[in-house]
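A.B. asks:
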Amino acid sequence: MIWEDITMGKFEALAATIIENIGGRENVNQALHCATRLRFTLKDDSKANTEALKNTPGIMSVIQAGGQYQVVIGPDVAEVYQEVVTLGKFESKEQVEDTDAPKKDQSKLSQALEFVASIFQPIIPAITAGGLVKALMALFVALHVLDNTTQTYALLSAMADAPFYFLPVLLGASTAKRFKCNQYVAMALGGLLIYPSFITMVTEAKAAGTGIAMFGIPITPASYSSSVIPIILGVWFMSYVERFMNKISPKAIKFFSVPVVSLFVSGIVTLALLGPIGTWVGNGIAAFFTWLDAHAAWAVPTLVGTLSPLLVMTGTHYGLIPIGINNLATAGFDTVVGPGMLASNVAQGAAGFAVSVRSKNKATKELAASAGLTGVLGITEPVLYGINLKFIYPLIGAMVGGFAGGLFLGITKTARYAAGSPGLLVLPAYIGGEGMMNLVNACIGTGIAMVVSFIATFILFGVYARQGKLDAAELGK
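Add 123 to the 1-based position in the sequence shown for my numbering, that's all there is to it.
1. Is Pro545 closer than 7 Å to Gly475 when the C-beta atoms are compared?
2. Please list, in chain order, all residues of the same chain as Val185 whose beta carbon is under 6 Å from its beta carbon, the five residues on each side excluded.
3. Note down, in chain order, each residue of its chain lying with its Cβ closer than 7 Å to the Cβ of Ala345, except the 5 sequence neighbours on either side.
4. In chain order, what residues of the same chain have a beta carbon less than 6 Å from the beta carbon of Val292, not counting five sequence neighbours either side?
5. Would you report the Cα separation of Ala188 and Leu433, rounded to the nearest angstrom?
6. To the nearest angstrom, how far is the alpha carbon of Glu504 from that of Gln244?
7. Have a look at the DSSP bridge pairing and note the partners of His601.
8. Put Ala252 into one of helix, strand or coil per three-state DSSP.
9. Expressed to the nearest angstrom, what Euclidean distance is found between the alpha-carbon atoms of Trp142 and Glu327?
10. Taking only three categories from DSSP, how would you classify Tyr192?
11. Per DSSP, Pro341 forms a beta bridge with which residues?
12. Tell me Asp457's beta-bridge partners as DSSP assigns them.
13. Would you mind stating whether Val364 and Ser348 have Cβ atoms separated by less than 7 Å?
14. Whole-angstrom Cβ separation of Thr298 and Ile335, contact assumed at under 8 Å?
15. Helix, strand or coil, according to DSSP, for Gln187 in the structure here?
16. Run through DSSP, which three-state label would Val404 get?
17. For Gly528, does the count of other Cβ atoms within 10 angstroms reach 16, so buried, or fall short, so exposed?
18. Under 7 Å, do Gln467 and Gly428 count as touching if we go by C-beta distance?
19. Would you mind sorting Asn449 into buried or exposed? The rule is 16 or more other CB atoms within 10 Å of its CB.
20. So, is Arg539 buried or exposed, given that buried needs 16 or more other C-beta atoms within 10 angstroms?
21. Specify the secondary structure class of Val381 as computed by DSSP and reduced to three states.
22. How would you label Val586, buried or exposed, when you count the other beta carbons within 10 angstroms and need 16 or more for buried?
23. If you pair each beta-carbon of the region 190-208 with each one of the region 147-167, do three or more pairs fall below 8 Å?
24. My understanding is that Leu550 touches Thr569, with C-beta atoms under 8 Å, so please give their C-beta distance in whole angstroms.
25. Might you give, ordered along the chain, the residues of its own chain that have their beta carbon closer than 6 Å to the beta carbon of Thr179, omitting 5 neighbours on each side?
26. Let me know if Gly332 comes out buried or exposed under the rule of 16 or more other beta-carbons within 10 Å of its beta-carbon.
27. Within 10 angstroms of the Cβ of Tyr318, are there 16 or more other Cβ atoms? Answer buried if so, exposed if not.
28. Quick one: give me the first and last residue of the alpha helix (DSSP H) that Gly585 is part of.
29. Using the rule of at least 16 other Cβ atoms within 10 Å of the residue's Cβ for burial, across every protein chain shown, is Ser169 buried or exposed?
30. Under the rule that 16 or more other beta-carbon atoms within 10 Å means buried, what is Ser385, buried or exposed?
31. Count the CB pairs spanning the region 474-489 and the region 576-583 that are closer than 8 Å, and state whether there are at least three.
32. Helix, strand or coil for Val351, going by three-state DSSP, please let me know.
33. Figure out for me which residue from Ala596, Ser320, Pro353 and Ile182 has the closest Cα to the Cα of Ser482.
34. Roughly how many angstroms separate the alpha carbons of Asn484 and Lys600, rounded to a whole number?
35. Have a look at Leu507, His440, Thr425 and Thr453 and flag the residue whose alpha-carbon is nearest the alpha-carbon of Ile534.
36. Please report the distance separating the alpha-carbon of Ile352 from that of Gly253.
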């Protein structure tokens with residue numbers, strides 16, 4: 124109990140410092156967090172004292188990207204976030220101003236990436252959980268610990284597949300939050316796309332070569348389970364319908380008139396128009412990457428493996444998440460995003476291990492070792508901001524290792540068959556295809572990335588030392 128009080132006191136003090144140095148609670152439109160960062164949408168970024176935050180113990184770095192002011196905390200981010208929410212009283216969403224309005228100095232690319240991040244960040248835990256369960260199932264079947272003909276296997280499959288099958292419902296909620304419309308009506312719209320009777324109707328129509336109609340309006344027989352784009356388009360349209368109904372509905376009937384009309388109109392438009400468009404776009408994206416996989420399979424994993432640290436720094440790595448999810452949903456596997464990010468993440472962790480071995484500074488050695496471990500397990504922010512960016516040479520070593528590992532994984536067309544945070548724990552997600560060769564290639568590619576990164580970082584330490592680019596403490600002087 125005493126230890127908990129001390130720990131919570133530390134988090135409360137850190138939260139108070141953060142709120143003070145981002146311009147106070149009145150300067151905050153929205154407060155979120157991911158695996159390692161506090162993500163604020165500020166009314167005025169110039170009111171934040173970035174240097175003070177960077178020099179605060181417990182804060183690894185501060186980043187301004189994608190329209191967000193991001194404070195990198197590390198593994199304790201959830202605890203700090205709770206204190207920030209409590210002290211700042213950010214639960215009251217009604218007091219938040221138009222956080223979704225793009226800033227004047229924000230580029231179109233930043234706006235797009237911020238939009239993607241805001242939709243996919245909230246559902247990542249569910250997707251990761253389902254992916255890891257599926258990966259562990261594949262491992263246990265391969266080890267003959269689990270029989271894939273049993274009811275246990277069937278129920279575990281349902282557990283693993285549920286987040287992906289009900290993706291339209293999950294995305295409906297997160298998209299509605301972004302567009303500031305009713306999340307529960309949006310979830311109902313997502314449920315419509317995967318409703319059993321509708322799925323049966325689609326299956327029968329496809330088999331018979333006939334169409335589907337609603338009030339004489341033709342409905343394209345399309346399957347929307349695990350789909351991404353159709354529900355996003357549907358909720359986007361619904362947000363306009365809801366706002367229109369809120370304006371014209373008398374107060375006496377607004378409680379039921381707004382949701383009824385929103386669901387009815389949006390449901391028809393989504394089934395008849397937006398859903399098919401979303402399916403066409405999703406299939407087009409999948410077809411492009413299928414073509415790329417056939418003609419230049421090595422290209423994207425190599426680029427992702429090399430550049431992922433820079434993408435994470437700017438927050439643009441969230442733009443890759445929908446691509447990976449879409450590939451898994453349409454093709455059943457992903458050779459584009461997952462393998463490259465796997466190579467990059469383990470390479471960054473290995474760079475941290477090399478720093479831990481080479482550095483003579485006790486604090487650096489300890490941080491590099493612990494952050495390196497989280498890196499190879501799939502969470503790279505601690506090693507990226509705490510070690511690699513700080514000293515630069517391990518960042519270069521990690522990018523060299525990510526390049527080597529990504530190139531091998533691309534050449535061998537290594538695919539992941541389940542989602543999850545790219546790291547050693549997700550290697551079972553590469554069990555699939557014919558035999559175990561895909562998993563073997565994933566392990567080899569991972570090993571290449573780690574070994575090359577470690578050796579490159581080890582050598583670069585000596586180069587930087589000879590050039591006088593390292594502090595005396597790092598050299599034991």
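Just so it is clear, CB atoms sit at the ideal spot from N, CA and C, and this is done for glycine as well. Remember, predicted model here, so these are calculated numbers, not experimental data.
C.D. replies: To lay it out plainly:
1. no
2. Thr173, Leu176, Lys177 and Val194
3. Val325, Gly398, Pro399 and Thr402
4. Met310, Gly313 and Gly314
5. 12 Å
6. 15 Å
7. With the chain represented from 124 up to 600, any question about residue 601 goes unanswered, as that position is not in the structure.
8. helix
9. This sequence places Ile at residue 142; Trp is not what is there. Straight-line Cα distance between these residues: approximately 57 Å.
10. strand
11. Ala336
12. Arg539
13. no
14. With a Cβ gap of about 25 Å, Thr298 and Ile335 do not count as contacting.
15. strand
16. helix
17. buried
18. Note that residue 467 is Ser in the sequence shown here, rather than Gln. Contact: yes.
19. buried
20. buried
21. helix
22. exposed
23. yes
24. 7 Å
25. Thr140
26. exposed
27. exposed
28. Met560 to Arg589
29. exposed
30. buried
31. yes
32. coil
33. Ala596
34. 9 Å
35. Thr425
36. 20 Å
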